[in-house]
Amino acid sequence: MAGTTVDDRINGLPLVLKSYHDAFRSHGVEVPMMVLNAQRGRDKRT
0 MAGTTVDDRI NGLPLVLKSY HDAFRSHGVE VPMMVLNAQR GRDKRT
């Protein structure tokens, strides 16, 4: 396994995605969950 695999779902929502979503929203930026989810697992060096 090359990366970290964590089941972080609470009530069906991934905790990490919800945290990012809430952080953006608190600054008036709406980012759809699908957009945030597409970024999961990306190379952190790019």
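Going by numbering that gives the first Met the number 0, the sequence shown opens with residue 0, and the numbers climb by one from there. A virtual CB, placed ideally from N, CA and C, is assigned to each residue, including glycine. None of these values were measured; they are calculated from a predicted model.
Length of the line joining the Cα atoms of residue i and residue j
i: K43; j: G27; result: 25 Å
i: L14; j: R39; result: 12 Å
i: I9; j: H20; result: 14 Å
i: V34; j: D7; result: 18 Å
i: R41; j: T4; result: 13 Å
Own chain partners of residue i with C-beta closer than 6 Å, once the 5 adjacent residues on each side are dropped
i: V30; result: F23
Cβ pair residue i, residue j closer than 8 Å
i: L36; j: L12; result: Here the sequence assigns Asn to residue 36, which means Leu is not the residue at that position. Their beta carbons are not under 8 Å apart, which means N36 does not touch L12 by this criterion.
Nonlocal neighbours in the same chain, by C-beta distance under 7 Å from residue i, ignoring five residues either side
i: M32; result: L16, H20
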